[in-house]
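In order, the protein sequences belong to chains A and H.
So for the first sequence, the numbering used here puts the first residue at 1357; every next one is plus one.
So for the second sequence, the numbering used here puts the first residue at 5; every next one is plus one.
Reading through the structure tokens given below for one structure.
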Amino acid sequence: MEEAVYDVFARKRRAEPLRHIGYVDATDDALARVYAWKTYDEENWFEMCVVRRAHIIPVNRIDGPYAARATGRLGRHAVEGR
Amino acid sequence: MPFTEEEIKARVQNGYIVESPEEMTEGYRKALAIQLTVQADTELMSAPSYWMAARHAPSANTQVSAHAIIQDELAHANIAYRLLEDMGISKQKLVYEREPHEFKHPYGFDQPLDNWADLVVANGFFDRAGICLLSDVHRNTSYGPLKRALVKVDMEETFHLRHGEVWMRRLARAGGAAKEILQRSVDWMFPMTVEWFGLPDDRKRHSGQLEYRLKGLTNDQLRQLWMSSTVPLCERLGLDVPAHFDEASQSYVLDYPFPCQYDASEKRWLFEEGRITWGQVFERWKGRGPMNEIYVESIRRSRGQVSSWLN
Chain A
1357 MEEAVYDVFA
1367 RKRRAEPLRH
1377 IGYVDATDDA
1387 LARVYAWKTY
1397 DEENWFEMCV
1407 VRRAHIIPVN
1417 RIDGPYAARA
1427 TGRLGRHAVE
1437 GR
Chain H
5 MPFTEEEIKA
15 RVQNGYIVES
25 PEEMTEGYRK
35 ALAIQLTVQA
45 DTELMSAPSY
55 WMAARHAPSA
65 NTQVSAHAII
75 QDELAHANIA
85 YRLLEDMGIS
95 KQKLVYEREP
105 HEFKHPYGFD
115 QPLDNWADLV
125 VANGFFDRAG
135 ICLLSDVHRN
145 TSYGPLKRAL
155 VKVDMEETFH
165 LRHGEVWMRR
175 LARAGGAAKE
185 ILQRSVDWMF
195 PMTVEWFGLP
205 DDRKRHSGQL
215 EYRLKGLTND
225 QLRQLWMSST
235 VPLCERLGLD
245 VPAHFDEASQ
255 SYVLDYPFPC
265 QYDASEKRWL
275 FEEGRITWGQ
285 VFERWKGRGP
295 MNEIYVESIR
305 RSRGQVSSWL
315 N
């Protein structure tokens, strides 16, 4: 069973920004939605989204978990931001 | 340009937050990996321990709350294992490919919880220990992803603690057999939790976790913090605990030889045999307790079968 990592974003109320609250591993998008909803059940969320980590495009960093793509096509343009 | 060990230690002591494995030195990475593995394994092994005890729940409502706690613990474990995965350490290997004795959870989660009193005292004592340890990490850790992950964990562990303390109060007030069985749970779990915090500070000369600011308090400070909540709670409930507050030193003092030996089959501390060495304690921990293999196997017994159906 191959799993991918999904990052979980949520907000408690209208007008709040979506905030990164965690991550789940799942074999597909449908299971990622279920796992996120059941894992991060500490609040009554107004909105929750999951994003496959591989689909996140880093803009300015070349390190960290989101930077896998930065080492490829985007790496040439990344700017280190320590 | 990567940091040297001295540079990263100096930086984190001044509030620098590490955000990615690429910024870590080898020493920082090793210390964090050990801390996260202990955290993840402890959360994971609490689940089968609580799950087997939850069958003693006295009502449908209590079944629900006991299982809600188990669900939280599994989620906390998963979160910590994922942080390890981001550091290049395989969650699958950690959970499914280690021998049961290689897990790094405390010895308390190798013991059977035999009745409802054992379960609620575990919530009251073990989860309180978890809160002491993890809220200290939450306040002080220099690793940003862990600091953020602990927001949820802290919130939920507080609910587990409340569940334990409310039920301890209920059993204590009932008196009679309820209070007797509660006292028996306290008798074995109080010293078990005291020991959980590990080597006293005067024996622990070097702490990578403090130097890399992965936590803020020492073992003895955390042990005192735990006793400062637990001893007054037990005193209020009329439960005997082998510790008291010493006015002269303004600290909690143990009324038994520490550390001492534990008879796992009798669930009894052998105070009468006197003090043992920490070497003997580590030997007991390494040998693991009676439920170690059963708990580990219970969380992974069906994996091979389901994988074969799907592949």
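For glycine and all other residues, C-beta sits at the position ideal for the given N, C-alpha and C.
Glycine 128 of chain H versus H:Gly168, H:Val141, H:Tyr147, H:Thr41, residue with shortest Cα-Cα distance = H:Gly168
Methionine 1404 of chain A - DSSP class collapsed to helix/strand/coil | strand
Residues of chain H with a CB under 7 angstroms from the CB of methionine 1357 of chain A: which are they?
-> What methionine 1357 of chain A touches in chain H: Ser311, Leu314.
Would you kindly work out how many angstroms separate the C-alpha atoms of threonine 1383 of chain A and proline 261 of chain H, rounded to a whole number?
-> 52 angstroms
Look up tyrosine 266 of chain H in the DSSP assignment and say whether it is helix, strand or coil.
-> Strand, per DSSP.
What runs of the alpha helix (DSSP H), each 4 residues or longer, lie entirely inside the segment 140 to 212 of chain H?
-> Counting whole runs of 4 or more residues, the segment 140 to 212 of chain H contains the alpha helix (DSSP H) stretches 148 to 178, 180 to 200.
How is the beta strand (DSSP E) around glycine 1378 of chain A delimited, first residue to last?
-> Where glycine 1378 of chain A is concerned, the enclosing beta strand (DSSP E) stretches over 1375 to 1382.
Is the CB of tyrosine 1362 of chain A under 8 angstroms away from at least one CB in chain H?
-> no
At which residue ranges does the segment 221 to 268 of chain H contain complete beta strand (DSSP E) runs of 3 or more residues, listed in the order of the chain?
-> Taking only runs of at least 3 residues, the beta strand (DSSP E) segments lying wholly in the segment 221 to 268 of chain H are 247 to 250, 255 to 258.
Mind checking whether glycine 202 of chain H and glutamate 161 of chain H have CB atoms under 8 angstroms apart?
-> no
State yes or no: is the beta carbon of aspartate 1385 of chain A nearer than 8 angstroms to at least one beta carbon in chain H?
-> Answer no: the Cβ-Cβ gap between aspartate 1385 of chain A and chain H never drops below 8 angstroms.
Of all the CB atoms in chain H, is at least one closer than 8 angstroms to the CB of glutamate 1403 of chain A?
-> Under the 8 angstroms criterion on CB atoms, glutamate 1403 of chain A is classed as non-interfacial with respect to chain H.
Identify, in the order they occur along the chain, each residue of the same chain with its Cβ nearer than 7 angstroms to the Cβ of leucine 87 of chain H, setting aside the five sequence neighbours on each side.
-> Leu40, Pro149, Leu150, Ala153
Sorted by chain position, which residues of the same chain lie with C-beta nearer than 8 angstroms to cysteine 264 of chain H's C-beta, five sequence neighbours on each side aside?
-> Pro195, Trp273, Leu274, Phe275, Glu277, Gly278, Arg279, Ile280
With a 10 Å radius around its C-beta and 16 neighbouring C-beta atoms as the bar for buried, classify histidine 1376 of chain A as buried or exposed.
-> exposed
Selected residue, minimal CA-CA separation from leucine 59 of chain H, among H:Gln284, H:Asp122, H:Leu229 | Here the sequence assigns arginine to residue 59 of chain H, which means leucine is not the residue at that position. Residue H:Asp122 is the option with its Cα nearest to arginine 59 of chain H.
Assign phenylalanine 1402 of chain A to one of two classes, buried (16 or more other C-beta atoms within 10 Å of its C-beta) or exposed (fewer than that).
-> With fewer than 16 Cβ atoms within 10 Å of its Cβ, phenylalanine 1402 of chain A is classed as exposed.
For the candidate residues H:Arg305, H:Leu218, H:Val125, H:Glu9, whose alpha-carbon lies nearest to that of leucine 243 of chain H?
-> H:Val125
Taking only beta carbons into account, state which residues of the segment 1388 to 1402 of chain A come closer than 7 angstroms to chain H, listed in chain order.
-> Thr1395, Tyr1396, Glu1398
Cα-Cα separation, serine 255 of chain H to leucine 78 of chain H | Each residue's alpha carbon lies about 35 angstroms from the other.
Do the segment 41 to 52 of chain H and the segment 7 to 23 of chain H make contact, defined as three or more Cβ pairs closer than 8 angstroms?
-> no
State the Cα-Cα distance for the pair isoleucine 21 of chain H and arginine 1408 of chain A, rounded to the nearest angstrom.
-> Each residue's Cα considered, the two are about 25 angstroms apart.
Take asparagine 18 of chain H as the anchor and find which of H:Glu239, H:Gly283, H:Arg217, H:Ala247 has the nearest alpha-carbon.
-> H:Arg217
Check whether the Cβ atoms of valine 1380 of chain A and alanine 1386 of chain A sit closer than 8 angstroms, and answer yes or no.
-> no
Name, in chain order, the residues that DSSP records as bridge partners for tyrosine 100 of chain H.
-> DSSP output for tyrosine 100 of chain H lists no bridge partner at all.
Which residue from H:Leu36, H:Gly180, H:Arg188, H:Tyr85 puts its Cα closest to that of asparagine 119 of chain H?
-> Nearest neighbour of asparagine 119 of chain H by Cα position, chosen from H:Leu36, H:Gly180, H:Arg188, H:Tyr85, turns out to be H:Arg188.
Return the chain-ordered list of same chain residues with a C-beta closer than 7 angstroms to the C-beta of leucine 105 of chain H, the five sequence neighbours on each side being excluded.
-> According to the sequence shown, residue 105 of chain H is histidine rather than leucine. Excluding positions up to five away in sequence, the list reads Arg292, Asn296.
Determine the chain B residues that contact proline 1414 of chain A at a beta-carbon separation under 9 angstroms, and present them in chain order.
-> Protein chains A and H are contained in the structure displayed, whereas chain B is not.
Name the chain H residues that come within less than 9 angstroms of proline 1373 of chain A, Cβ to Cβ?
-> Going along chain H, no residue has its Cβ under 9 angstroms from proline 1373 of chain A, so there is no contact; the nearest lies around 15 angstroms.
How is phenylalanine 130 of chain H classed by DSSP in three states: helix, strand or coil?
-> In the displayed model, phenylalanine 130 of chain H falls within a helix according to three-state DSSP.
Counting only the same chain and skipping the five closest in sequence on each side, list residues whose C-beta sits under 7 angstroms from that of aspartate 267 of chain H.
-> For aspartate 267 of chain H, where only same-chain residues beyond five positions count, the Cβ hits under 7 angstroms are Leu274.
What do you get for phenylalanine 286 of chain H, buried or exposed, if any count of 16 or more other CB atoms within 10 angstroms of its CB means buried?
-> exposed
For glutamate 1372 of chain A, is the classification buried or exposed, using 16 other Cβ atoms within 10 angstroms of its Cβ as the cut-off for buried?
-> exposed
Best match in H:Arg33, H:Arg304, H:Cys136 for proximity to serine 233 of chain H [C-alpha to C-alpha] | Residue H:Cys136 is the option with its Cα nearest to serine 233 of chain H.
Rounded separation between aspartate 140 of chain H and tryptophan 230 of chain H - CA only = 12 angstroms
May I ask you to report which of helix, strand or coil DSSP gives alanine 1371 of chain A?
-> coil
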